[in-house]
Structure formats: C-alpha cells, structure tokens
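All remarks here apply to the structure that follows.
Protein chains in written order, with our numbering: chain A, 291 to 598; chain B, 5 to 234.
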C-alpha cells in the first residue's frame with residue numbers, strides 16, 4: 291500500500307482525484323496482483339453475506355448457544371409498531387440491523403468480520419439501512435466497503451482492532467470509525483471529510499473497555515454494536531456539515547494505541563474485570579460453568595452403561 | 005505492517021462469534037493440518053492467555069478442531085466439529101497452559117497421525133485480530149507464517165548454499181519471495197526455512213526443491229481458499 295496514515299491516504303486521494311474506496315481498490319490490486327473485477331467481486335460477495343445476515347437476524351431465531359442473548363433486533367422492530375422510536379426511523383433501522391447481525395454472530399451464524407466478529411454489526415447496520423433509505427446501487431456500497439477497509443487498514447497497522455489487544459475501543463471503536471468515514475463518502479462527502487469523521491468517531495470511543503460477561507461475544511458486545519451504528523451516523527453527519535476533528539485523526543489513532551497498551555489485562559477481553567466481574571456477571575459465569583458440568587456429567591452417564 | 009491488504013480488515017467470511025477466537029483459530033488449525041498432511045489421530049490443544057480464559061464460550065476449541073478437520077472459516081459444520089471429530093475417531097485433549105506466551109491469543113498444538121505413515125507436529129500459533137494469524141513456531145523452529153500467501157516450509161540440513169539453491173530455483177520460475185524466515189536447531193544441525201511467495205507454486209517446482217541436496221522435506225501452506233465452501 292502507498293499509504294501508512296490517514297493523512298497520507300487523504301493526500302493520495304487529493305492528488306489522484308479518486309475517492310478513498312476507488313483508490314483502495316487500485317491499491318488492493320497492486321498488492322494482490324489480481325484484476326480489479328476479481329477483487330471487486332470478492333467484496334461484493336462479502337456485502338451479500340452482510341445483507342443476508344441482516345435478514346436472518348430480523349427473521350430467524352438468534353438465541354445464542356449460551357441462551358443469554360438473541361432476538362433483541364426483532365424486539366426493537368416490533369416495538370416500532372406501537373411507539374415511534376426516540377432516535378427516529380433511519381437511526382433506529384441502523385441500530386436494529388446492527389443488533390441483528392451481531393446476534394447472528396453470537397448464535398454462530400455466518401457473518402463478515404468488519405474488522406472483527408465482535409464488531410461485525412456496525413458496518414452492515416449502517417450500510418444496509420443507508421442503501422434502503424437512499425436507494426443506492428450495490429456497486430456504491432461495495433466501493434464504500436473498500437473505503438472502510440482503507441480506514442481500518444490504517445487503524446490496524448498503527449494501533450489495533452482486536453479487543454484482546456486494545457480493549458473494546460479497538461474493536462467496536464475501529465468499526466465505528468470505519469463506518470463513519472465510509473458513510474461520508476457514500477453521502478457525497480470528500481475524502482478529507484471522511485477522515486475527519488474517523489477522528490470524531492474514534493475520540494468518542496477512547497477508553498472503552500472489553501468486559502464480555504463469561505468471556506462471550508454477547509454482553510455487552512451486541513448492544514455496543516447497536517450503539518456503534520448510531521454513533522457512526524452522528525459522526526458522518528457532523529463531518530459532512532464541516533465539523534472537523536481538531537485533534538488530527540492519525541493522532542487520535544495513536545492515543546488509542548497508548549490507552550489500549552496502558553489498559554490492564556482484565557479489561558482486554560479476558561472477562562477478568564468490568565461488567566464481567568459484577569455480581570450478576572459472575573453469577574452468569576458460574577451458571578454457565580455448572581450447565582457445562584451438568585452436560586458433561588449427563589454425557590458420561592449416557593456412556594457408562596456400555597461396559598456394565 | 006502487520007495487516008497487508010483490504011481483506012485482512014474486511015473479512016473473513018466466517019461463522020461467529022469471534023474473529024480472533026473462532027476464525028483465527030480455524031485458520032491455525034488449517035495450517036497445522038496442511039503441515040501434518042492428514043487429519044490427526046491425536047491432538048493435544050493447549051490454550052494460553054485470552055484463549056485459555058474464554059475458549060469454551062467463544063468456541064475456540066470447536067474452531068481449532070474444525071481447522072484440523074479441514075473446514076473453511078465459514079463452514080456451517082463448525083459448531084458440530086467436536087462431534088464430527090469423535091465420529092472420525094480423533095482423540096482430543098484440551099488444556100489451559102500457564103507461563104509466557106507470545107500473544108494474548110496463543111495456542112499450542114501437538115498432533116500425531118499413524119496413517120498413511122507415522123508423523124508428528126508441534127505448532128504454536130497466535131491469533132492477532134480480525135481472523136489474521138501468525139504461526140510462530142513449527143516443531144520447535146521459530147518461524148513467521150501468516151498463511152495469507154502460498155508458502156513453502158522446507159526442512160533441510162544446515163549447510164552452506166542450501167538457501168542459495170532454493171532461491172535460485174524460485175528465481176528460474178520467476179516466483180517472488182515476500183517474506184522469508186530461517187531457523188536452525190544448532191550449527192550444522194536441522195534447519196527450517198519458510199518462504200512466503202507472491203505467486204502460486206507449480207507442482208513441478210516442489211519436486212525440484214524436494215530433490216535439492218540436503219533438503220529433507222517440503223510442505224506447502226496456503227489459506228487463500230479457506231472460505232466460501234459451505
């Protein structure tokens with residue numbers, strides 16, 4: 291890739307006149323040695339999986355293996371029959387779709403990691419709802435995925451995208467930044483505005499810790515995907531209006547690295563702190579362990595008669 | 005740069021719930037399977053760090069075994085992998101490892117197979133985020149292997165000129181090396197060279213490398229086709 295930072299990415303777009311998404315497709319082909327139509331087709335297939343995951347999450351049973359979560363996206367949609375959402379319809383769509391995909395993930399369904407599985411709801415939530423609302427062709431959404439990928443590429447190489455390394459700010463936060471920047475491009479904003487959106491979004495997620503109850507990608511991960519989709523919409527709107535990230539986005543990424551590195555291990559996806567270690571969090575963990583033990587004992591019991 | 009391209013950020017297509025703990029673990033299992041060459045009869049799977057803390061909830065155990073069975077990252081059979089392994093007669097043992105480990109998400113695999121010939125493999129893999137992996141140790145040799153590129157893993161004797169012979173064979177086929185790591189057990193002992201390549205590896209080239217002086221065995225690893233099969 292010819293860029294290492296968001297500012298270098300912005301300069302390349304300015305000098306070439308290309309959007310971030312179109313530039314990233316060119317860069318991807320230079321890296322892989324493949325034809326643009328092949329790389330585009332791969333991304334288009336990924337977008338297809340994302341749309342399918344939204345649909346499944348809104349219609350199928352998404353109860354997770356642990357039984358702790360599922361069907362919240364459908365609750366949000368159902369409630370709208372009787373109560374106008376406080377967020378407003380479009381933001382409510384993005385939120386519900388993000389929940390839907392995240393619930394499909396927790397129930398071991400098929401999703402696209404964007405950038406991770408724990409944060410897989412945010413980009414589809416924002417993209418699919420935006421496509422429906424504005425009637426955009428798939429092609430534009432696929433280019434926007436390349437744009438999101440370019441932003442994520444910079445974040446991943448200069449900081450981190452996994453909760454185990456940098457806490458939830460790295461995981462959900464990166465996805466929000468990627469979705470926000472890509473959405474600016476989808477709505478006709480400039481690459482420079484897209485990059486401001488990344489900084490605005492990331493600043494708002496700094497310090498977010500990874501504290502998954504029982505170590506599962508469920509509580510609070512799923513609802514954080516719902517919230518994340520809404521934050522991405524807000525960041526994109528601010529950037530499109532000309533709001534700038536006064537602290538340059540590349541510097542925000544460095545702060546994420548600093549904060550994540552300083553985080554104790556208990557807040558980095560180990561379930562050793564935060565919500566995971568509240569009385570209720572611990573009780574859920576104990577219940578899961580007991581359930582597992584009982585299942586194992588039952589299993590042994592079933593096998594025992596063989597020799598006796 | 006740890007992450008090389010757009011698809012290391014967007015993707016993989018996978019079965020949830022965690023790209024590090026599930027998709028990355030499938031890929032580590034797949035690399036191990038490719039190096040072993042067959043489905044193992046016995047697999048000792050030792051988790052470290054975050055893997056050790058949360059592997060059951062994330063299905064990391066299921067995922068590593070899926071890779072050992074040759075499943076893609078988005079194979080719908082992943083949730084049933086332990087049952088499928090049992091049906092195939094694969095003996096599995098899971099442990100939580102203690103002590104130093106190279107990354108928060110680390111797994112050590114100790115594999116053995118009897119058919120079609122007795123073979124063993126130990127491997128340490130790390131899952132570095134978003135489903136991306138780095139294999140850091142193979143049979144106690146330090147390596148760096150991502151599986152993103154077609155990769156040659158060559159066991160050979162540590163002798164002057166072996167690496168020059170290998171690279172000139174690649175040069176003749178116009179195959180470019182993207183990353184290379186070499187480690188040896190001791191001076192003039194056994195060595196392991198890992199070559200990550202930009203292009204596909206012709207079968208004929210593998211035969212020629214196999215026939216090179218002091219080369220003991222050539223393995224290939226390639227994860228580029230490990231999704232979308234289901």
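The beta carbon of each residue, even a glycine, is placed where N, CA and C say it ideally should be.
Check	Outcome
The region 98-128 of chain B: positions lying closer than 7 Å to chain A by Cβ	108, 109
Test item: CB-CB of residue 83/B and residue 66/B under 9 Å	yes
Inter-stretch contact at 8 Å, needing at least 3 Cβ pairs: the region 411-423 of chain A / the region 327-336 of chain A	no
Chain-ordered residues of the region 446-468 of chain A with a beta carbon less than 7 Å from chain B	446, 447, 450, 451, 452, 454, 455
Three-state secondary structure (DSSP) of residue 458/A	helix
Residue-level contact to chain B via CB, residue 497/A, 9 Å cutoff	no
Run of the alpha helix (DSSP H) containing residue 133/B, from where it starts to where it stops	From DSSP, residue 133/B is part of no alpha helix (DSSP H) but of the beta strand (DSSP E) over 123-133.
Buried versus exposed, by CB contacts within 10 Å (16 or more), residue 170/B	buried
8 Å Cβ cut-off: residues of chain B touching residue 244/A	No statement about residue 244/A is possible, as the shown extent of chain A runs from 291 to 598 and does not include it.
Reference residue 32/B; option with closest CA among 61/B, 146/B, 74/B, 194/B	74/B
Residue 21/B versus 61/B, 12/B, 133/B, 10/B, residue with shortest Cα-Cα distance	61/B
CB contact below 9 Å: residue 225/B versus chain E	The structure shown has no chain E; the protein chains it does contain are A and B.
Validate contact between the region 41-58 of chain B and the region 427-434 of chain A using beta carbons, cut 8 Å, 3 pairs	no
Nearest neighbour of residue 42/B, chosen from 183/B, 71/B, 207/B [CA to CA]	71/B
Proximity test, Cβ basis, 9 Å: residue 548/A and chain B	no
Supposed close pair residue 587/A, residue 310/A - CB separation, criterion 8 Å	Their Cβ separation, rounded to whole angstroms, is 55 Å, which puts residue 587/A and residue 310/A out of contact at 8 Å.
Euclidean distance between Cα positions of residue 333/A and residue 362/A	28 Å
Residue 437/A versus residue 410/A: straight-line alpha-carbon distance, rounded	16 Å
Assigned exposure category for residue 585/A - 16 Cβ within 10 Å defines buried	exposed
In chain order, each alpha helix (DSSP H) run of at least 4 residues that lies wholly inside the region 392-463 of chain A	412-424, 428-448, 453-456
Proximity of residue 405/A and residue 134/B at Cβ, strictly below 9 Å	yes
Identified DSSP bridge partners for residue 221/B	159/B
Contact list for residue 341/A against chain B, beta-carbon separation under 9 Å	Here the premise fails: no neighbours, minimum Cβ distance about 13 Å.
CB of residue 464/A within 9 Å of CB of residue 492/A, strictly	yes
Beta-ladder partner(s) of residue 17/B, from DSSP	402/A
Closest residue to residue 217/B among 228/B, 111/B, 162/B (Cα-Cα distance)	162/B
Helix, strand or coil at residue 490/A [DSSP, three-state]	helix
Where residue 468/A falls: helix, strand or coil (DSSP)	helix
Min CB distance residue 142/B to chain A below 9 Å	no
CB contact check: residue 327/A to chain B, cutoff 9 Å	no
The region 568-584 of chain A contacting the region 192-203 of chain B, beta-carbon criterion three pairs below 8 Å	no
Ordered list of alpha helix (DSSP H) runs contained in the region 57-85 of chain B, each at least 4 residues	64-72
Partner residues on chain A for residue 62/B, Cβ-Cβ distance less than 8 Å	505, 506, 507
Chain A within 9 Å of residue 155/B, Cβ atoms only	no
Run of the alpha helix (DSSP H) containing residue 305/A, from where it starts to where it stops	296-306
Beta-carbon gap between residue 403/A and residue 558/A smaller than 9 Å	no
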